[in-house]
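Residue numbers (the working numbering), protein chains in the order written: chain A, 667 to 829; chain B, 667 to 829; chain C, 3 to 168; chain D, 3 to 168. In what follows, a single structure is set out as structure tokens and then discussed.
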Amino acid sequence: MLRRLDLRGFKSFASPISLDFGPGVNVIVGPNGSGKSNLAEAIVWSMGEQRANKLRAAGMTEMVFSGGDGRPAAGVAEVRMTVSPAIDDPGLPTEIEVARRVTRTGEATYQLNGTSCRLLDVHESLGTFGLGPDALAVIRQGQVEAVCTARPADLRAVVEEAA
Amino acid sequence: MLRRLDLRGFKSFASPISLDFGPGVNVIVGPNGSGKSNLAEAIVWSMGEQRANKLRAAGMTEMVFSGGDGRPAAGVAEVRMTVSPAIDDPGLPTEIEVARRVTRTGEATYQLNGTSCRLLDVHESLGTFGLGPDALAVIRQGQVEAVCTARPADLRAVVEEAA
Amino acid sequence: VTDGFQQIFTVVQERFTDAIEVLFPGGAGRLVAVEPEDEDGEMGIEISVVPAGKRARPLAMMSGGERSLIALAFCLAIAMTRPAPFYLLDEVEAALDDTNLRRFLTLVRRLSKETQFVMITHQQPTVEIADTLFGVTMGSDGASQIVSRRLGDSIEGVARTTVRRQ
Amino acid sequence: VTDGFQQIFTVVQERFTDAIEVLFPGGAGRLVAVEPEDEDGEMGIEISVVPAGKRARPLAMMSGGERSLIALAFCLAIAMTRPAPFYLLDEVEAALDDTNLRRFLTLVRRLSKETQFVMITHQQPTVEIADTLFGVTMGSDGASQIVSRRLGDSIEGVARTTVRRQ
Ligand SMILES: Nc1ncnc2c1ncn2[C@@H]1O[C@H](COP(=O)(O)OP(=O)(O)OP(=O)(O)O)[C@@H](O)[C@H]1O
Ligand SMILES: Nc1ncnc2c1ncn2[C@@H]1O[C@H](COP(=O)(O)OP(=O)(O)OP(=O)(O)O)[C@@H](O)[C@H]1O
Ligand SMILES: [Mg+2]
Ligand SMILES: [Mg+2]
């Protein structure tokens, strides 16, 4: 389960904001351009997405809030995501908290349960929950038909990933 | 103006069907998979679209109704489109009727105002009205954002086309 | 030829700015002539839109709905300048929220006095501005039928199950 | 490893067929293991769906709504077999008509008893199955705010102008 998402300075979310998700169906609504897909990208970014073009950007520094009318740009973008596994498993931790930061000058840091770590550690740790930026579990805006254009080998890879 | 569209055997339109369009706003509704985009493709095909992949097909014979539950495939696909210019112009005909046929075996014929002609004649004739399969005036399903990904030279070409 | 282009382009620029004013209230938009990237390249046209309260950003960073509106503003700007015989739009409003959809339809309605539109849609507000309405259905034999060409309750059967209205 | 795959795949196949039965009433769907195209290629999985009354056709020829439903059926089939911790779906129902949207939401609701979903939407029927609702707005200073986390009328202000409801 996605438990909690904390953001500050990430894309259009200049101020610190927290979302406490519940079980079942969580729905996010709002006008065009309000920041809904930016929230999806915050989740995907905190999972360790490294391809800037998957985040509608040319580089990671573009994740930092770059200002608005009468509001200056931020110096840092930070996202913290807390997740629990799909099913209770004594072999897995009950919860994982990952955090990712990037400064306007491009310095990147990662945390796992509050402790500094490498991006690789984030990938591996979330991988034990079956989470990662490339999972079929995340369908981005405009991408729903992707399964229909996937090659047979790619579809097999998706099923293998689940296995 | 698009005056009239006659189809038979074109994609899911097995039976002969006619649509008389009116001035102003014409709206087409219907369930998923009912044939709305097939109508758009009938229009684009009758304008002389030659790229099968712009018609969700691998070849033009796929334009022929290929059968349904208890309904055999058709032998021919035919679309007839009648258009008038955007603005009354004494230098232009008041109306043009183009017709296009393809058989299941791939024989293709074209007509201009009821007389057999070549595809090139259809292109040139509709071109005098500013119509063609590639115009900005036709926005296909899933393609609305195309202008945003177009290169500056392409946008200029679109404006030049209108000039 | 270039002068003919410049004349048309100037009008398209004005109409684009007008359209953006309607679609992005409080925002601003313009079309800019840009130098070619290569030595022998063509001059180009670049789109610049700044929604209300925001800063100028590349189109790629804008939302799906914002990009749809911008593309539609460009199309409508040309329609306002040198209209085509008709405009065929297949589900172009899919990404728009209700408010923006109505803003877009306001522009379409205005233009439709002079220009014909053929719009395929699942959206009730679009159905509401129709002068002529066609309902398409798929038969149990795999063949499409057109069930209605008139406004009013004869289209109800098709629209009720397909057009999003609540 | 291959046996583990075969076990999972068999269940995914069954769930896919079940999902297609809900999303394409009267139709049929299955996942087929296929030979690799190249000598040393991998085995693959191909999707085959025949809507009611129609014949088998390549996915490319199907409509936007049909392709969305098929892709969602595949995703849900895996969710029914080996669920991920959560599913994040951004405007995946944009191409669905009202009836198909409700069929899809029926499956989501059923699965949501065991599995968490986070859905971004402009569609009122999707809002109606929410257990938790978040409203996002853009401030005049270019910064996003979250206006509500609760169900009920506190979200009305945001939903009224953005969620398509008629
Ligand atoms: N680094 C940044 N700093 C400030 N604002 C940004 C930044 N990156 C993106 N934005 C703004 O975020 C907005 C896009 O937000 P988002 O894509 O989340 O909208 P949305 O709610 O998903 O809209 P839609 O319903 O149209 O999909 C853009 O208008 C853009 O200006
Ligand atoms: N040659 C053909 N013969 C018979 N049926 C065909 C042929 N080509 C396509 N079809 C059928 O047409 C259907 C697609 O129709 P179309 O794309 O027009 O739907 P639509 O009304 O636009 O739906 P949506 O709202 O989902 O976009 C497919 O189900 C396909 O089976
Ligand atoms: Mg979005
Ligand atoms: Mg369609």
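Idealized CB from N, CA, C, for every residue including glycine. These numbers were taken from a predicted model, which means no experiment stands behind them.
Query - Three-state class that DSSP yields for D820 of chain A in the structure shown - result: helix
Requested in this report: Using the DSSP secondary-structure output, state which residues sit across from G734 of chain B in a beta bridge.
Outcome: B:R737
Query raised in the report: Does the pairing of the stretch 802–811 of chain A with the stretch 775–782 of chain A give three or more beta-carbon distances under 8 Å?
Result: no
**Report entry** Where M140 of chain D meets chain C, residues with beta-carbon distance less than 9 Å
**Finding:** P53, A54, G55 and K56
Requested in this report: State buried or exposed for E37 of chain D, treating a residue as buried only when at least 16 other CB atoms are found within 10 Å of its CB.
Outcome: exposed
Query raised in the report: A30 of chain C touches chain D at which residues, Cβ-Cβ below 8 Å?
Result: Neighbours of A30 of chain C on chain D: none; closest Cβ ~14 Å, over 8 Å.
Query raised in the report: Is the CB of M667 of chain A under 8 Å away from at least one CB in chain D?
Result: yes
Query raised in the report: Would G808 of chain B count as contacting chain D if we go by Cβ distances under 8 Å?
Result: yes
Query raised in the report: Among residues of its own chain, excluding the 5 on either side of S703 of chain A, which ones have a beta-carbon nearer than 7 Å to its beta-carbon?
Result: Q807
Query raised in the report: How is S65 of chain D classed by DSSP in three states: helix, strand or coil?
Result: coil
Query raised in the report: In chain order, what residues of the same chain have a beta carbon less than 7 Å from the beta carbon of G46 of chain D, not counting five sequence neighbours either side?
Result: V36 and P38
**Report entry** Cβ-Cβ distance between V730 of chain A and A740 of chain A below 8 Å
**Finding:** yes
Query raised in the report: Is S703 of chain B near ligand 4, going by C-beta to nearest heavy atom under 7 Å?
Result: yes
Query raised in the report: P751 of chain B: which of C:L109, C:V110, C:E116 and C:M64 sits nearest, CA to CA?
Result: C:E116
Query raised in the report: Comparing the CB of D99 of chain C with every heavy atom of ligand 3, is any distance shorter than 7 Å?
Result: no
Query raised in the report: How about I131 of chain D and L103 of chain D: are their beta carbons less than 8 Å apart?
Result: no
Requested in this report: Report, in whole angstroms, the separation of the C-beta atoms of S672 of chain B and S684 of chain B, which I expect to be a contact under 8 Å.
Outcome: Checking the displayed sequence, the identity of residue 672 of chain B turns out to be Asp instead of Ser. Right, their Cβ atoms sit about 5 Å apart.
Query - Cα-Cα separation between I753 of chain B and F18 of chain C, rounded to whole angstroms - result: 22 Å
Query raised in the report: Roughly how far, in whole angstroms, is the beta-carbon of G31 of chain D from the beta-carbon of S50 of chain D, given that I think they are within contact range, below 8 Å?
Result: 7 Å
Query raised in the report: Short check: CB of M140 of chain C to CB of G793 of chain B, under 8 Å?
Result: no
Requested in this report: Using beta-carbon positions only, say whether G675 of chain A and G144 of chain D come within less than 8 Å of one another.
Outcome: no
Query raised in the report: DSSP state of V810 of chain A, grouped into three classes?
Result: coil
Query - Counterpart residues of R746 of chain B in DSSP-defined beta bridges - result: B:D672 and B:A765
Query raised in the report: Can we count I122 of chain D as close to ligand 3, meaning its CB is less than 7 Å from some heavy atom?
Result: yes
**Report entry** Contacting positions in the stretch 780–796 of chain A - beta carbon closer than 7 Å to chain D
**Finding:** F795 and G796
**Report entry** Nonlocal neighbours in the same chain, by C-beta distance under 6 Å from E48 of chain C, ignoring five residues either side
**Finding:** V34 and V36
Query - Interface residues of chain C facing G144 of chain D [CB-CB closer than 7 Å] - result: G55, K56 and R57
Query raised in the report: With DSSP run on the structure shown, which of helix, strand or coil describes S681 of chain A?
Result: coil
**Report entry** Residue-level contact to chain D via CB, S703 of chain B, 8 Å cutoff
**Finding:** yes
Query raised in the report: Do S146 of chain C and F679 of chain B come within 8 Å of each other at the CB atom, strictly closer than that value?
Result: yes
**Report entry** CA-to-CA distance, L61 of chain C to T815 of chain B, given in whole angstroms
**Finding:** 8 Å
Query raised in the report: Would you report the Cα separation of V710 of chain A and R746 of chain B, rounded to the nearest angstrom?
Result: 49 Å
Query - Residues near A718 of chain B in its chain [Cβ-Cβ closer than 8 Å; skip 5 each side] - result: A724, G725, M726 and E728
Report task. Would you kindly work out how many angstroms separate the C-alpha atoms of I157 of chain C and R770 of chain A, rounded to a whole number? Result -> Low local confidence applies: a pLDDT of 48 at I157 of chain C is under 50, so the model's placement there is unreliable, and no value is given.
Query raised in the report: Residues of chain A with CB under 9 Å from M121 of chain D, in chain order?
Result: V691, N692, V693 and I694
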